[in-house]
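Residue numbers (the numbering used here): 27 to 191. Everything on this sheet refers to the single structure shown next.
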């Protein structure tokens with residue numbers, strides 16, 4: 027990677043790359059400490075020097091479920107005090123962060139990390155699928171549909187109410 031490419035990498039994108047690499051390298055881990063993410067940024071060496079903004083991005087600017095101050099990215103999710111994981115679609119986020127950036131843009135990623143966006147999509151899909159499979163309430167979806175299979179829900183309710191005074 028050239029020095030110019032390194033200089034153009036946004037701090038938030040550097041944080042996302044580090045968190046994504048940790049998740050990919052440790053699929054058994056649900057989340058990581060702030061220090062682990064900061065250390066992974068240092069180890070990856072995507073910038074000439076360790077920028078001071080890395081820590082505050084991991085603590086605040088990139089964290090979807092914290093109030094924006096001033097950064098409003100939704101790249102990380104706070105699972106517990108001092109713990110972070112990548113943000114997934116469906117995670118709750120602070121309303122003032124709605125619509126904010128979740129992943130780096132493909133053209134802004136260093137070439138050696140371009141495959142992380144595809145990995146991230148699969149990782150989110152697998153997590154959402156298991157979330158549905160493990161949720162007892164979501165497992166009930168569609169249960170009882172046979173009760174009104176030959177009629178609309180409104181017709182079914184009307185039939186149930188027949189004879190009511």
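Quick reminder that beta carbons are idealized off the backbone N, C-alpha and C, glycines included. Note that the structure is a prediction, hence the values are computed from the model and not measured.
Cβ-Cβ separation between residue 89 and residue 102: approximately 5 Å, consistent with a contact (criterion under 8 Å).
Non-local beta-carbon contacts of residue 129 in its own chain, meaning distances under 8 Å to residues more than five positions away in sequence, involve 42, 101, 143, 146 in chain order.
Close CB contacts of residue 166 within its chain, under the 7 Å cut and outside five residues either way in sequence, are absent.
Distance check between residue 152 and each of 186, 77, 45, 116 places 116 closest, using alpha-carbon atoms only. For residue 93, the closest of 71, 126, 68, 76 by C-alpha to C-alpha distance is 126.
Shown here, residue 89 sits in a strand according to DSSP, grouped into three states.
For residue 106, the enclosing beta strand (DSSP E) starts and ends at 102-106. Excluding sequence positions up to five before and after residue 99, its CB lies within less than 7 Å of the CB of 38, 87, 88, 126, 127, all in the same chain and listed in chain order. In the displayed model, residue 48 falls within a helix according to three-state DSSP. Cβ-Cβ separation between residue 44 and residue 66: approximately 4 Å, consistent with a contact (criterion under 8 Å). Collapsing the DSSP output to three states places residue 112 in a strand. For residue 180, the enclosing alpha helix (DSSP H) has its first and last residue at 179-186. Taking the Cα of residue 118 as reference, the smallest distance to any Cα among 58, 104, 51 is reached at 104. Within its own chain, the residues whose Cβ lies closer than 8 Å to the Cβ of residue 111, once the five positions on either side in sequence are excluded, are 45, 49, 56, 57, 58, 102, 103, 105, listed in chain order. Here residue 59 is bridged, per DSSP, to 109.
Between residue 36 and residue 124, the C-beta spacing is not below 8 Å.
Rounded to the nearest angstrom, the gap between the Cα atoms of residue 40 and residue 72 is 7 Å.
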